[in-house]
Each structure stands twice: as C-alpha cells, then as structure tokens.
Amino acid sequence: MSILRADAMTGGYGGADILHECTLEADRGEIAVIVGPNGAGKSTAMKAVFGMLNLRQGKVTLEGRDVTRMKPTDRVSEGMSFVPQVRNVFPSLTVEENLEMGGFLRRDDIAATMAEVYDLFPVLAEKRRQPAGELSGGQRQQVAVGRALMTKPAVLMLDEPTAGVSPIVMDELFDRIIDVAKTGIAILMVEQNAKQALEIAHRGYVLAQGRNAYTDTGEALLKNAEVRRLFLGG
Amino acid sequence: MEDALNALVLITNFALVPGLAYGCQLALGALGVTLIFAVLRFSNFAHGETMSFGAMIAVFATWILQDNGVSIDPLPTALLALPFAILGSILFVLATDRVVYRFYREQRSDQVIFIIVSIGVMFVMAGLIRFIIGPNDQVFTDGERFLISARDFRDLTGLREGLAIKTTQVITVVTTVIAMGLLFWFLQKTRTGKSMRAYADNEDLATLSGIDAGRVVLIAWTLSAALAAVAGTLYGLDKSYKPFVFQELVLPIFAAAIVGGFGSPLGAVAGGFIIAFAEVLITYAYKRFLGYILPESWVPDGLAQFLSTDYKFAVAFVILVATLLLRPSGLFNKRAAT
C-alpha cells in the first residue's frame with residue numbers, strides 16, 4: 282500500500298469532467314511522474330490530489346487516511362506539500378523568510394528542517410539574505426521546493442518544476458529532486474520534459490484526455506514503442 | 142560668514158523644520174494607505190477621515206483629561222489621549238470592515254468597487270465627524286509651546302535670525318520615529334509581520350502555506366488605523382484640528398505613497414518626506430534668504446517664491462502625475478519583479 286493513493290478520481294472545475302477514473306500512486310522515496318500531451322489533465326490530476334478541485338468520484342488517501350474531503354491547507358498539515366508551477370515564491374521576502382513561511386503551520390522549532398533544506402540546496406544557504414525575487418529561475422525553483430519541504434511532508438507534489446529553465450538547470454533540478462526523494466519523501470510531479478522526467482521516475486503515468494493511458498515504471502514506458510510514438514515524439 | 146549662518150537659520154526655521162514635521166505626518170498617513178493597498182489591494186480613500194476620526198477622539202480625550210486636572214506639563218495632554226485615539230480608531234475601522242468591506246470581499250468584488258466603497262465610507266465618516274464635533278477649529282494643544290523660541294535663540298547665538306522649534310514639532314518627529322521603528326520591527330522580525338508581507342507578496346502561496354487571510358486583513362486594518370490615529374493627532378496638535386483639512390490631506394498622502402511605490406512601507410516614508418519638502422520649498426519665499434547670501438544689488442524685488450502657498454496641493458499633484466508618467470511603479474517598489 283503506497284503512502285499516497287489517488288483512486289479512480291473523476292471530476293472537473295464544475296461543468297464537464299476533466300478527469301475520468303484517474304488513478305495515481307506514490308510511495309516513500311519514489312518519484313512518480315505524470316506526463317502526457319497538452320490538455321491531458323496532468324496539472325488537473327495533481328490539483329485533484331491536493332484538493333484544489335472537487336471530485337465527484339474516487340478517493341485520495343494519505344498514509345491510509347482518507348483525505349478526499351479535506352481543504353488544501355488541511356492536507357498540508359496532514360503531510361502533503363505542493364509547489365505550484367508559477368508564482369511559487371514570495372519575491373520580496375528573503376530566501377530564509379520564504380523557508381520560514383513554508384514552516385508557518387509548524388509550532389515546533391524549524392531550524393533543523395531549515396538546515397536540511399540548506400544541505401539539499403547549498404546555493405540557497407549562500408543566498409539566504411537575498412530576496413527570492415532577485416534569484417535566477419533555477420534558484421527560484423529551489424526556493425519553491427525548499428519552502429514546500431519546510432512542513433516535513435510525506436508527499437511532495439511538483440507542478441512542472443522545470444518549466445522555463447535551461448536544459449542545464451533542468452538536469453540540476455532533477456538531480457536535486459532525486460536527492461529529495463532519497464530522504465524518504467514520496468514525489469509526485471507533472472512534467473513537460475517527458476523523456477528526461479521518465480528517466481528518473483520509479484513510476485510513470487501517461488495521461489490522455491483525463492484517463493490513465495499507460496502506467497508502468499519510467500524505464501518501461503521509455504522502452505514502450507507505442508508510448509514513444511504517441512507521446513514522446515518517436 | 143554670519144550672513145550665511147543667518148540664511149541657514151532662516152530657511153531652517155521657515156522651511157526645513159516645518160517640512161520635517163509635515164513630512165512625518167504625511168509619512169505616517171502614507172504608511173497606513175500603503176499597508177491597506179499591500180494587503181487588501183485597493184486605495185483606501187477614507188484614510189484621511191480615519192486620521193480625522195482618531196484626532197477627534199484625541200481632542201475629546203484631551204478635554205476629559207484636562208477637566209479632571211490631568212496634566213503632563215510641559216508636554217501636551219494630547220499625548221496621554223493618544224492611546225485612546227488609537228484604540229477608538231482601530232475599533233471604528235474594524236467595525237467598518239466587518240459591516241462594509243467584508244461583504245465586498247466575500248463577493249470577490251473588483252478593485253474599482255472597493256475604491257468607490259471607500260469613497261462612500263469617506264463621506265459617511267466625514268459627515269459623522271462633523272455631526273459629533275462640528276465643522277469648526279478645535280485647538281487642543283497645551284503645555285509648553287516652544288522647545289526653543291526665536292527670541293531665546295537670537296539671545297543665545299547673537300544672530301539676527303531666530304530659530305523656533307515648537308514642542309509639537311519635536312513630539313511629531315519623536316513619535317513618528319517610534320511608530321515607524323515599531324512598525325518596521327513588526328514587519329521584518331515577527332512571525333506575524335512576515336506572514337503579512339508574505340500575504341502581500343503572493344496571496345495564493347500564503348494561503349497554501351497556512352497563513353490565515355482573515356487574520357492578515359485584520360492586522361492590516363489595525364495597523365493602518367493606529368497609524369492614522371497617530372498621524373491625525375500629530376497633525377491636529379501641530380496645526381489645529383479642523384475636520385475639513387483631512388479630505389485635502391488625502392491628496393498629498395496618496396502622492397507620497399505612490400511616489401515611494403504603492404505597497405512599499407519604506408517607499409511611503411520616503412515619499413512622505415519628498416512631498417512635504419517639495420511643497421514647503423517650492424512655496425517658500427526666498428527673498429530674505431537671498432538677501433543674506435547675494436550681493437545687495439542682485440537681490441530680487443519680488444518675493445522669489447516659485448508658487449504661492451495657495452498652490453501647495455498643486456505641488457503634490459504635479460509630483461504625482463510626474464511619477465505616474467516616468468516611473469509608475471514608484472521609487473521603492475519591488476513588486477514589478479514578479
């Protein structure tokens with residue numbers, strides 16, 4: 282039983298359903314990647330897991346607890362953390378203050394967690410006194426992930442973490458994400474750069490029109506001729 | 142040499158000292174406006190009336206204290222009345238938020254609607270204040286009038302020009318420094334203050350991080366009302382309390398907030414002083430000043446005044462328009478970087 286299970290999610294933003302019996306899973310230390318063509322409902326599926334849209338059917342469980350009816354903020358205290366695709370830092374706050382705000386819900390000492398984040402992202406330690414808005418795109422994504430890690434989540438969800446960064450920065454971000462997974466966190470992420478993302482994925486989900494089209498290990502999906510032809514451009 | 146000193150004393154007495162006090166009052170007002178803009182994202186035109194309301198309570202509290210023989214001579218009794226003014230303004234503003242603004246927040250109304258609503262609140266408050274205290278001047282300053290009077294200064298230094306420093310001017314500057322120090326400490330160092338800045342920066346992410354929007358809004362109103370009460374009371378103490386001037390003050394206050402960068406507290410302070418000194422220095426008659434530093438034959442016949450004091454609001458307006466044309470995000474705004 283995986284730590285995060287989203288079973289047969291069906292729903293949309295009101296009106297027609299966007300997701301149809303979509304199922305996603307992620308376990309401790311694993312990276313699960315959602316790929317698929319534009320408009321396949323990748324981000325919608327992730328938002329559904331986080332409670333940002335109403336599900337008509339299906340359920341989401343976290344460490345065995347049913348969280349389907351919970352608000353996003355409550356899911357954060359339950360151990361989920363979400364990094365939006367855009368506007369995911371506080372630009373006028375310093376890097377350190379961004380991390381502090383990430384741990385806003387926590388009443389205990391956050392210094393140890395902050396040190397762990399700085400260990401994972403050494404560049405943030407260097408820039409701790411700088412406003413996050415002044416950092417480069419890749420560094421800003423690290424701040425965003427770092428902020429999300431401050432609640433000590435069991436599941437970290439990333440919505441296209443490499444959108445708009447250069448290939449070199451993308452590789453570095455993926456390395457960091459692998460490091461984060463190694464600390465025992467389950468990672469669920471949506472990616473536009475499907476090939477590279479599947480290379481680091483333990484689980485891969487190919488979505489098409491809001492349904493699970495293919496589900497397998499990242500490696501197997503990359504080898505699957507049909508998936509390559511239809512979704513990965515040959 | 143003595144002429145240069147006389148010129149310096151002259152311009153300090155008539156322009157720099159009053160400008161500094163006025164700048165403090167504007168800066169405090171602009172801070173309140175900018176805080177509301179940063180958190181609630183609308184221009185609160187009722188802020189001038191909030192200042193007026195605070196000053197009104199200070200006037201009443203001062204009278205009650207005076208009637209009961211309370212005095213902190215040589216300081217004005219109004220200082221003791223200030224906490225009451227702050228508390229009264231906070232309660233009134235929070236009630237307004239509860240009754241009026243919250244409704245539009247729940248409707249997720251457009252910014253423009255909020256602005257119009259705040260103009261409505263402004264008129265209601267203005268009417269209410271005139272109804273309670275009347276439209277006339279109220280002088281509530283007591284205690285020692287001068288820290289140093291022009292005559293004492295002349296006797297002391299032997300210069301021809303005197304430098305008078307009013308007690309209220311000193312109180313204005315000291316109170317402003319304390320109020321700003323507390324505000325910036327709160328915003329920079331406390332968890333709640335940081336959460337407020339985070340909310341101003343990125344509302345959605347703040348909510349995602351568990352920052353309670355309702356609480357941030359409450360704190361923004363509280364701070365804004367407290368600053369307004371302090372600004373209004375200081376202004377009334379320094380000049381005299383006239384209900385109608387506060388509607389006029391809204392223009393330089395907004396000019397100050399916009400010049401500094403709407404939503405930036407540091408910018409509001411800088412903007413307040415820029416507007417205040419611009420107003421004072423442009424409407425100052427330089428004739429006597431020039432008389433000290435220029436050879437006699439060069440001294441102009443006229444007053445050597447750029448604009449008559451009647452036009453002082455035009456100065457703020459011109460600066461406001463120039464800012465909007467040349468640097469619309471203001472001097473200190475980082476928000477554009479998002």
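Line order of the protein sequences matches chains H and W. Terminal number for the first sequence in the numbering used here: 515, no gaps in between. Terminal number for the second sequence in the numbering used here: 479, no gaps in between. Each residue gets a CB set at the ideal place from its N, CA and C atoms; glycine is no exception.
{"Asked": "For a test of the three-state rule: what should DSSP assign to W:ASN147, helix, strand or coil?", "Found": "helix"}
{"Asked": "Does the beta carbon of W:LEU184 sit closer than 7 Å to a beta carbon anywhere in chain H?", "Found": "One detail in the question is off: residue 184 of chain W reads as Ser in this sequence, not Leu. Not one chain H Cβ lies under 7 Å of W:SER184."}
{"Asked": "So with CB distances below 8 Å, who are the chain W contacts of H:LEU386?", "Found": "SER350, GLY351"}
{"Asked": "Would you give the residue range spanned by the beta strand (DSSP E) that H:THR291 belongs to?", "Found": "285-292"}
{"Asked": "So, helix, strand or coil for W:HIS188, using DSSP?", "Found": "helix"}
{"Asked": "Should the segment 399-407 of chain H be called in touch with the segment 457-473 of chain H, which here means at least 3 C-beta pairs below 8 Å?", "Found": "yes"}
{"Asked": "Buried or exposed for H:VAL348, going by 16 or more other Cβ atoms inside 10 Å?", "Found": "buried"}
{"Asked": "Should H:SER358 be labelled buried (16 or more other beta-carbon atoms within 10 Å of its own) or exposed?", "Found": "exposed"}
{"Asked": "Let me know the secondary structure DSSP gives W:PHE287 once reduced to three states.", "Found": "strand"}
{"Asked": "Is the number of C-beta pairs between the segment 376-387 of chain W and the segment 307-314 of chain W that are closer than 8 Å three or more?", "Found": "yes"}
{"Asked": "Where do the ends of the beta strand (DSSP E) carrying W:THR316 lie?", "Found": "It is not in any beta strand (DSSP E) - W:THR316 instead sits in the alpha helix (DSSP H) that spans 308-330."}
{"Asked": "If you draw a straight line from the C-alpha of W:ILE410 to the C-alpha of W:GLY401, how long is it?", "Found": "In the sequence on display, residue 410 of chain W carries Val and not Ile. If you take the alpha carbons of W:VAL410 and W:GLY401, they lie about 7 Å apart."}
{"Asked": "For H:MET451 and chain W, any beta-carbon pair shorter than 7 Å?", "Found": "no"}
{"Asked": "Check the Cβ of H:GLU381 against every Cβ in chain W and list those closer than 8 Å, keeping chain order.", "Found": "ARG332, LYS335"}
{"Asked": "Are there 16 or more other CB atoms within 10 angstroms of the CB of W:LEU297, so buried, or fewer, so exposed?", "Found": "exposed"}
{"Asked": "Using 10 angstroms around the beta-carbon of W:GLY453, count the other beta-carbons present and answer buried if the total reaches 16, otherwise exposed.", "Found": "Checking the sequence shown, residue 453 of chain W turns out to be Lys, not Gly. Classification of W:LYS453: buried, given that the 10 Å Cβ count is 16 or more."}
{"Asked": "Within 10 angstroms of its Cβ, does W:THR479 collect 16 or more other Cβ (buried), or is it exposed?", "Found": "Confidence at W:THR479 is low in this model, with a pLDDT of 36, below 50, so the placement of that residue is unreliable and no value is reported for it."}
{"Asked": "Does H:GLU378 get closer than 7 Å to chain W when you measure Cβ to Cβ?", "Found": "yes"}
{"Asked": "Given a threshold of 16 other Cβ atoms within 10 Å of its Cβ, counted over all protein chains shown, does H:ASN335 qualify as buried or as exposed?", "Found": "exposed"}
{"Asked": "Give the DSSP bridge partners of H:ASP497, in chain order.", "Found": "H:GLY485"}
{"Asked": "Measure how close the beta-carbons of H:HIS301 and H:GLY445 come, nearest whole angstrom, since I'm counting them as under 8 Å.", "Found": "Between H:GLY445 and H:HIS301 the Cβ distance is about 30 Å, and since that is not below 8 Å, they are no contact."}
{"Asked": "Can you confirm whether H:SER373, when its beta carbon is compared against all beta carbons of chain W, has any partner nearer than 7 Å?", "Found": "yes"}
{"Asked": "Does the Cβ of W:ASN147 have 16 or more other Cβ atoms within 10 Å, making it buried, or fewer, making it exposed?", "Found": "buried"}
{"Asked": "Provide the residue span of the alpha helix (DSSP H) that contains W:LEU392, from first to last.", "Found": "386-401"}
{"Asked": "Tell me, please, which residues DSSP counts as bridged to H:ASP440.", "Found": "H:VAL471"}
{"Asked": "Looking at the C-beta of W:ASN474, does it have a partner C-beta in chain H at a distance below 7 Å?", "Found": "no"}
{"Asked": "How would you list, in chain order, the residues of chain W whose beta-carbon sits under 9 Å from the beta-carbon of H:ARG410?", "Found": "Going along chain W, no residue has its Cβ under 9 Å from H:ARG410, so there is no contact; the nearest lies around 12 Å."}
{"Asked": "Which runs of the beta strand (DSSP E) spanning at least 3 residues fall entirely within the segment 301-360 of chain H, listed in chain order?", "Found": "312-316, 336-343"}
{"Asked": "For the alpha helix (DSSP H) containing H:ASP452, list its first residue and its last residue.", "Found": "448-463"}
{"Asked": "Out of W:LEU466, W:GLY303, W:ALA171, W:THR191, which has the shortest C-alpha to C-alpha gap to W:PHE287?", "Found": "W:GLY303"}
{"Asked": "Which of the residues in the segment 165-190 of chain W, read from start to end, lie with their CB under 9 Å from any CB of chain H?", "Found": "none"}
{"Asked": "Whose CA, out of W:ALA145, W:PHE447, W:ALA222, lies closest to the CA of W:ASP208?", "Found": "W:ALA222"}
{"Asked": "Suppose the cutoff is 6 Å on Cβ atoms and the five residues either side in sequence are ignored; what does the same chain contact list for H:PHE255 look like?", "Found": "Within the shown structure, residues of chain H are numbered from 282 to 515, placing residue 255 of chain H beyond reach of any answer."}
{"Asked": "What residues in the segment 353-364 of chain H bring their beta carbon closer than 8 Å to a beta carbon of chain W?", "Found": "PRO353, THR354, VAL357, SER358, PHE363"}
{"Asked": "Name the residues in the segment 392-413 of chain W whose C-beta lies less than 8 Å from a C-beta of chain H; which are they?", "Found": "none"}
{"Asked": "With a 10 Å radius around its C-beta and 16 neighbouring C-beta atoms as the bar for buried, classify H:GLY383 as buried or exposed.", "Found": "buried"}
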